[in-house]
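Undergrad:
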Amino acid sequence: MHKLAVLGAGAWGTALAVQLAKNDHQVVLWAHSYTHAEHMVLQRENPRYLPNITFPDSLQVTADLAGALADVDGVLLVVPSDAFADTLKRVVRLSGCPQHLAWATKGFDPHNQRLLHQVVVDELGIDAPMAVLSGPTFADEVARGLPTAMVSASPQPVEAEFWAQAFHYAHFRMYTQADIAGVEVGGAFKNIMAIATGISDGMALGANARAALIARGMVEMQRFGALFDAQPTTLMGLAGLGDLVLTCTDDLSRNRRFGLSLARSGKTAQQVQQEIGQVVEGVKAVRIVKAIADKHHLELPIVEQVYQLVEGKITAEQAVKALLARELTAEQGASH
1 MHKLAVLGAG AWGTALAVQL AKNDHQVVLW AHSYTHAEHM VLQRENPRYL
51 PNITFPDSLQ VTADLAGALA DVDGVLLVVP SDAFADTLKR VVRLSGCPQH
101 LAWATKGFDP HNQRLLHQVV VDELGIDAPM AVLSGPTFAD EVARGLPTAM
151 VSASPQPVEA EFWAQAFHYA HFRMYTQADI AGVEVGGAFK NIMAIATGIS
201 DGMALGANAR AALIARGMVE MQRFGALFDA QPTTLMGLAG LGDLVLTCTD
251 DLSRNRRFGL SLARSGKTAQ QVQQEIGQVV EGVKAVRIVK AIADKHHLEL
301 PIVEQVYQLV EGKITAEQAV KALLARELTA EQGASH
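With UniProt numbering applied, the sequence shown corresponds to residues 1 to 336, in that order.
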């Protein structure tokens with residue numbers, strides 16, 4: 001078995017650390033807050049983000065990043081997207097290029113609108129070990145050992161396989177593939193659509209509207225993914241369609257809950273985020289996707305309305321009216 005560092009002690013990072021520890025790996029979970037780390041050490045669980053999940057004996061917790069990285073075989077980043085680049089730089093500064101590097105962060109680098117593997121390439125070079133882990137998953141269900149399937153994607157087959165083997169356990173299955181950009185696009189884009197379906201359900205528009213948003217959201221995901229040469233089969237798989245359906249239909253999704261509250265409460269996006277108390281990646285993602293789409297003159301109607309709503313420029317009712325008022329057109333694939 002391996003010694004692995006999981007960087008980021010939110011619900012998702014904690015759940016993945018627990019899963020790795022169940023596989024008898026020696027796991028160090030790093031939290032950026034000393035107080036948070038201390039609570040987890042004392043209680044042997046994450047009371048703030050993932051309560052009532054007891055840590056396996058092989059899972060240790062620290063707020064000392066250098067200590068967490070000491071003598072590890074692999075590093076898994078599970079920090080918010082806007083902290084990804086800085087955390088990676090700290091890792092490299094403290095310990096050099098990891099032997100195996102992966103991330104389960106879903107989103108974009110907000111500083112220059114890059115996919116996260118592009119951040120890794122810029123920092124470590126094109127030949128650096130890298131993999132992204134994604135798929136239709138909720139942290140609580142993973143931590144409780146419920147059946148789960150994910151994707152380990154890397155242009156280097158050995159890296160995809162390393163992380164797939166590290167996680168494989170009982171009801172947890174990790175598929176491998178090479179389309180790292182497609183997996184990243186799917187993981188980031190679906191959060192925007194979860195906000196949209198949350199808004200629709202918050203307005204009680206019904207199951208028909210929700211299904212239509214998911215289907216048309218899939219089309220917009222494919223249009224956007226084409227800018228990064230994402231493979232259509234990737235976007236129709238676990239990291240695309242699978243994650244899209246999950247986050248659009250279940251209230252465990254923070255992005256969906258954000259949309260629900262935005263439609264029902266009349267509060268601002270900032271107020272709703274504060275109430276949720278955790279990062280709502282879709283809010284950051286929609287701003288970046290909108291900017292990239294505008295640069296390429298790409299039409300993404302649902303993204304546009306979510307963006308306008310998140311920025312406080314329109315109401316939920318106005319967003320729905322704008323979508324329904326669009327001109328009639330034929331249903332086509334990603335290029336139309």
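Where a beta carbon is used, it is the ideal one built from N, C-alpha and C, also for glycine.
#1: Who are residue 205's beta bridge partners in DSSP?
#2: Please report how far the alpha carbon of residue 47 lies from the alpha carbon of residue 86, in whole angstroms.
#3: Mind pulling the beta strand (DSSP E) runs of 3 or more residues that sit fully within the stretch 51-110?
#4: Tell me whether residue 6 is buried or exposed, calling it buried when 16 or more other Cβ atoms sit within 10 Å of its Cβ.
#5: Ends of the alpha helix (DSSP H) at residue 267?
#6: In whole angstroms, what is the alpha-carbon distance linking residue 121 and residue 318?
#7: Can you give me the Cβ contacts of residue 51 inside the same chain, cut-off strictly under 7 angstroms, excluding the 5 residues immediately before and after it?
#8: Using 8 angstroms as the Cβ pair cut-off and three pairs as the minimum, do the stretch 102-109 and the stretch 65-77 touch?
#9: With DSSP collapsed to three states, give me the class of residue 23.
#10: State the start and end residues of the unbroken beta strand (DSSP E) segment that holds residue 7.
#11: Let me confirm a value: residue 126 is counted as buried when at least 16 other C-beta atoms fall within 10 Å, else exposed. Which label applies?
#12: Would residue 259 and residue 195 qualify as a contact pair, given that the criterion is a beta-carbon distance under 8 angstroms?
#13: Between 252, 1, 19 and 268, which has its C-alpha nearest residue 173's C-alpha?
#14: Run through the DSSP bridge pairs and tell me what residue 172 is partnered with.
#15: How is residue 134 classed by DSSP in three states: helix, strand or coil?
#16: What distance in whole Å lies between the Cβ atoms of residue 91 and residue 98, which are believed to be in contact at a cut-off of 8 angstroms?
#17: Assuming residue 213 and residue 302 are in contact, meaning their beta carbons sit under 8 angstroms apart, how far apart are those beta carbons, in whole angstroms?
#18: So, at 7 angstroms on beta carbons, what are the nonlocal neighbours of residue 82 in its own chain, with the 5 sequence-adjacent residues on each side left out?
#19: Kindly list the residues whose CB is nearer than 7 angstroms to the CB of residue 220, restricted to its own chain and excluding five residues on each side of it in sequence; keep chain order.
#20: Return the residue from the list 88, 252 and 26 that minimises the CA-CA distance to residue 60.
#21: Give me the DSSP bridge partner(s) of residue 177.
#22: Taking just the CA atoms, how far does residue 70 sit from residue 307?
#23: Tell me whether residue 154 is buried or exposed, calling it buried when 16 or more other Cβ atoms sit within 10 Å of its Cβ.
#24: Spatial neighbours of residue 13 within its chain, please: CB distance less than 6 angstroms, with the 5 preceding and 5 following residues excluded, ordered by chain position.
#25: In whole angstroms, give me the CA-to-CA distance for residue 38 and residue 67.
#26: Taking the CB atoms as reference points, tell me whether residue 115 and residue 181 lie closer together than 8 angstroms.
#27: CB residue 152 to CB residue 160, shorter than 8 angstroms?
#28: Residues in the same chain with beta-carbon distance under 8 angstroms from residue 278, minus the five sequence neighbours each way, listed in chain order, please.
TA: With the given structure in hand:
#1: Beta-bridge pairing links residue 205 to no other residue.
#2: 26 angstroms
#3: 59-62, 74-77 and 101-103
#4: buried
#5: Segment: none, residue 267 is in no alpha helix (DSSP H) and carries neither H nor E.
#6: 41 angstroms
#7: 45
#8: yes
#9: coil
#10: 3-7
#11: exposed
#12: yes
#13: 19
#14: 148 and 169
#15: strand
#16: 7 angstroms
#17: 7 angstroms
#18: 110 and 284
#19: 300, 302 and 303
#20: 26
#21: 153
#22: 42 angstroms
#23: buried
#24: 6 and 78
#25: 15 angstroms
#26: yes
#27: yes
#28: 10, 11, 49 and 254
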